[in-house]
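The block underneath contains the structure these notes are about, expressed in structure tokens.
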Amino acid sequence: MGSPDRSTVRAIKRSDGAQSDTLEDYMPNLGRSDVTIQILLLAEGVAIVVELSRYSEWSSQVWNEFVAISSFCQVLALAGIFSMKLLASVLRKLPARTGSVVIFCALLVMTYLVTEGLFLFFYSMHWIPVVQPSWQHSFVLKTMTISSLIYLIALRYIVLAHRVRMEMKSKQTFELQALQSRIRPHFIFNSMNGIASLITIDPTLAEKALEDLADVFRTMLADARTLVPLASEIQLLRQYLDIETLRLGDRLRLEWQLTEVPEEALIPSLTLQPLLENAVYHGIEPSQEGGIVRISICGEGQNLLIHISNPLPSRQHNSAHQGHKIALRNVRLRLQRHFHGQATMQAGEESGEEGGEYHVRLRLPLTYEVDRV
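Residues in the sequence shown are numbered consecutively from 9, following this note's numbering.
This is the structure we're talking about:
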């Protein structure tokens with residue numbers, strides 16, 4: 009099993025360092041409805057806790073007071089969300105620690121203004137006789153104290169949640185890199201031997217083969233989190249198959265079927281090459297006569313459909329089946345990491361025109377935005 013390249017390790021270390029993180033890396037997206045609902049539920053929970061700490065029995069008066077406290081907490085929550093969205097363009101550029109201090113201070117100022125505004129509202133509605141009743145200072149002090157504790161706990165939770173996410177991403181990145189960097193020794197040796205035999209016969213072709221091999225290795229050792237255009241992945245397949253054709257000759261026959269291919273669609277780097285390598289290794293190499301490897305790629309609605317098939321020589325039937333499992337498991341895990349269950353893979357033996365065949369079918373959601381795990 010290969011290990012992640014140094015550039016990937018450095019990138020992960022940079023992403024794990026708090027000193028290089030901006031507040032945007034930490035803060036949840038307040039524009040999402042589920043985040044807003046969670047904040048409002050938290051505010052309601054605070055109102056319930058405050059009321060339960062004051063009364064053991066609930067009367068109609070207590071219920072009325074609870075409604076008032078609940079409404080006040082909801083107003084504070086909504087005001088906090090609104091103020092954070094107003095400051096978002098400034099906050100996202102700040103370092104995490106500086107931004108956290110700014111958020112804490114901004115929320116305290118917002119809480120004070122909302123609380124003072126509440127008394128003005130009560131006075132305008134003639135619910136209190138004066139703008140500043142005797143109990144105002146006590147109420148403001150309690151509100152600011154409770155709010156400070158809640159804001160500190162919330163910020164601490166956000167930091168811890170960010171660390172957990174980064175650890176999970178780092179783990180997934182190393183897993184993806186390990187899966188992607190598996191290079192079968194037989195492919196390296198056979199390719200180099202084939203190229204070496206060409207050097208004296210056709211130096212130009214040997215140079216072209218070395219360039220193709222370098223491109224294949226470069227992709228195998230690249231950042232496993234990268235999504236690449238489908239056109240690039242198809243070009244990689246052609247380069248890989250050109251190398252295999254050099255050593256297998258007429259034994260390897262290819263049938264391409266590319267129909268309405270969304271070339272700009274993004275897929276995980278090195279998704280298809282392991283499947284083609286499997287098809288060649290288990291379907292073509294064991295047979296003296298060779299066979300046909302069929303590759304079909306097409307777009308269908310919001311999905312990308314990929315179908316790869318290869319013959320199954322009867323004497324290699326069992327070993328081929330086991331060999332296919334390793335590559336399929338690796339590709340399936342990588343698709344799961346990238347698409348979170350939205351991609352499907354089906355693989356198995358079927359009866360073909362010339363005997364048993366092994367088929368792999370992929371259905372991937374079309375995406376045109378660069379993303380990482």
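Glycine included, each C-beta is placed from N, C-alpha and C at the ideal position.
Helix, strand or coil for residue i per DSSP?
i	result
Arg164	helix
Gly39	coil
Leu266	strand
His170	helix
Arg261	strand
Gln140	coil
Ser205	helix
Glu59	helix
Ala354	It should be pointed out that residue 354 corresponds to Gln in this sequence rather than to Ala. Strand at Gln354.
Thr30	strand
Ser295	coil
Ser146	helix
Ser64	coil
Output the distance between the C-alpha atoms of residue i and residue j, rounded to the nearest integer angstrom.
i	j	result
Ser64	Ser156	26 Å
Leu336	Leu283	7 Å
Ala114	Gly307	49 Å
Asp33	Gly88	19 Å
Ile314	Leu266	10 Å
Gln43	Pro36	Strictly speaking, residue 43 in this sequence is Val, with Gln absent from that position. Cα to Cα, the separation comes out at about 7 Å.
Gln350	Ser67	52 Å
For residue i, report the span of its beta strand (DSSP E) as first-last.
i	result
Glu365	Gly363 to Pro373
Gly307	Gly299 to Glu308
Pro276	Leu274 to Pro276
Kindly list the residues whose CB is nearer than 6 Å to the CB of residue i, restricted to its own chain and excluding five residues on each side of it in sequence; keep chain order.
i	result
Asp92	What sits at residue 92 in the sequence shown is Met, not Asp. Excluding residues within five positions, the ones whose Cβ falls inside 6 Å are Leu38.
His367	Ser317 and Glu358
Ala239	Glu271
Gln310	Leu374
Span of the alpha helix (DSSP H) holding residue i?
i	result
Ile242	Leu238 to Leu256
Arg105	Ala104 to Ser132
Ala87	Ser68 to Leu94
Glu285	Gln281 to Ala287
Per the DSSP calculation, residue i is bridged to which residue(s)?
i	result
Ser317	Arg302 and His367
Leu157	For Leu157, which the question treats as bridged, DSSP gives no partner whatsoever.
Any beta carbon from chain B within less than 8 Å of residue i's own beta carbon?
i	result
Ile111	Looking at the structure shown, chain B is missing, and only one protein chain is on hand.
Suppose the cutoff is 8 Å on Cβ atoms and the five residues either side in sequence are ignored; what does the same chain contact list for residue i look like?
i	result
Arg255	Asn198, Ser199, Asn201 and Gly202
For residue i, which residues in the same chain have their Cβ closer than 7 Å to its Cβ, ignoring the five residues on either side in sequence?
i	result
Val110	Leu99 and Leu102
Leu95	Ala114
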